[in-house]
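K.L.:
FYI, full-length UniProt numbering numbers position 88 of the sequence shown as 88, with every residue one higher than the one before it. Every residue, glycine too, gets a C-beta built ideally from N, C-alpha and C.
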Amino acid sequence: MENAHLHGAPENRSRVPPVFILTGIPGLEARSIWVAALFCSLYLLAILGNSLILLVVVKDQTLRKPMHLFLSMLAGSELGISLSSLPTVLNVFLLDVREIGIDACLAQMFFIHSFSIMDSGVLWAMAFDRFVAIYNPLQYATILTNSRIVMIGLGVATRSIVLMIPLPALLRGLPFCRPNVLAHPYCLHSNLLRLPCADITVNSRCGLFVVLSTFGLDSLCIVLSYIMILKTVLGMASKEGRLKALNTCVSHICAVVVYYVPMIGVSMAHRFGKHASPHLHSLMANVYLLVPPVLNPIIYSIKTKEIRKALRKFFSQKSSL
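1) Which first and last residues belong to the alpha helix (DSSP H) in which residue 100 is found?
2) In its own chain, which residues sit with a C-beta less than 7 Å from the C-beta of residue 132, not counting the 5 before and 5 after it?
3) Specify, as a first and last residue, the run of the alpha helix (DSSP H) that residue 89 falls within.
4) Which whole runs of the alpha helix (DSSP H) in the region 193 to 259 are 4 residues long or more, in chain order?
5) Could you compute how far the alpha carbon of residue 231 sits from the alpha carbon of residue 135?
6) Quick one: Cα of residue 239 to Cα of residue 267, how far?
7) Once the 5 residues before and after residue 252 are set aside, which same chain residues still bring their CB inside 7 Å of it?
8) How many whole angstroms separate the CB atoms of residue 324 and residue 168, which I take to be in contact at a CB cut-off of 8 Å?
9) Would you list the residues sitting across from residue 19 in a DSSP beta bridge?
10) Please state if the CB of residue 178 and the CB of residue 197 are separated by a distance shorter than 8 Å.
11) Please check the pair residue 297 and residue 258, which I expect to be a contact at CB under 8 Å, by giving their CB distance rounded to whole angstroms.
12) Within a Cβ cutoff of 6 Å, which residues of the same chain sit near residue 174, ignoring the five residues on either side of it in sequence?
13) Leaving aside the five residues before and after residue 166 along the sequence, list all residues of the same chain whose C-beta is less than 7 Å from its C-beta, in chain order.
14) In this structure, how does DSSP classify residue 286 when only helix, strand and coil are distinguished?
15) I'd like to know if the region 214 to 221 and the region 49 to 58 are in contact, where contact means that at least 3 CB-CB pairs between them fall below 8 Å.
Structure, rendered in structure tokens:
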């Protein structure tokens, strides 16, 4: 009987319904109304800010420059991240609905990570844009034509989708027999990877390959771009020219820091902080998804003169109607 029970256990475990339990912020359940208000405010800021950037770039003919077109791509990918995570966050904090089926969870994971990879790719493209503008300003418009910018955007989107397709497919075939409690109010690959009761070597290696071939490669290209930018700037004779050239990079540098620091923090917390407080995991994951979409529209609105001018024009037209 004991042997029969042991042999039958894996089969029974594999029949456990693949439903996951989303988690809010541990210890703050009693203040759920205030937490919900905070999250709703941040999501509203992210969605409105990025939608506004997209709208003014599309409507204003003077913003059809490479830098602004790349900025609209960044706003689009960050809007996608916010809209992908918003439904389950509202369910957890407003409605206290914490269950999510495996298919919905994997779909959300796919979209969150795909848009995150697009974010990374666009940040690299923006670094290349700054390098071309500073290294060869006279040929800037002929090198980065609209057709080439469209091709770069399509390449970034295609890479994100193609690389992400295997991850949910591999997870879907695994048995989940442990308590399926997620550490966040949304589904992330690193969190889901801890739950299957089967060998996850292939999944783990595939996930590592995706990280290295996207975030790793993009960050390396960004660093190399700025090394070349610094080399070019230091070769300029005029101090005013050097300051002016570096000033055009400030917004992008802020966007890179705002994006990569939380992402590295989440990765470190998941890989090396297994015994850390649940608050740390929850805080880092929420910062990773919310801070870049909230701050980047603000950074570019403050630091980019053309965006400020277009926003003033947009609001003045609205107020005159």
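P.N.:
According to the data block:
1) Not the alpha helix (DSSP H): residue 100 falls in the beta strand (DSSP E), residues 99 to 101.
2) 140, 143, 144
3) 66 to 93
4) Listed in chain order, they are 201 to 211, 217 to 234, 239 to 247.
5) One C-alpha to the other measures close to 9 Å.
6) 40 Å
7) 126, 127, 130
8) This structure leaves residue 324 out entirely; the chain is present only between 1 and 321.
9) 101
10) yes
11) Their Cβ separation, rounded to whole angstroms, is 11 Å, which puts residue 297 and residue 258 out of contact at 8 Å.
12) 196, 198
13) 206
14) helix
15) no
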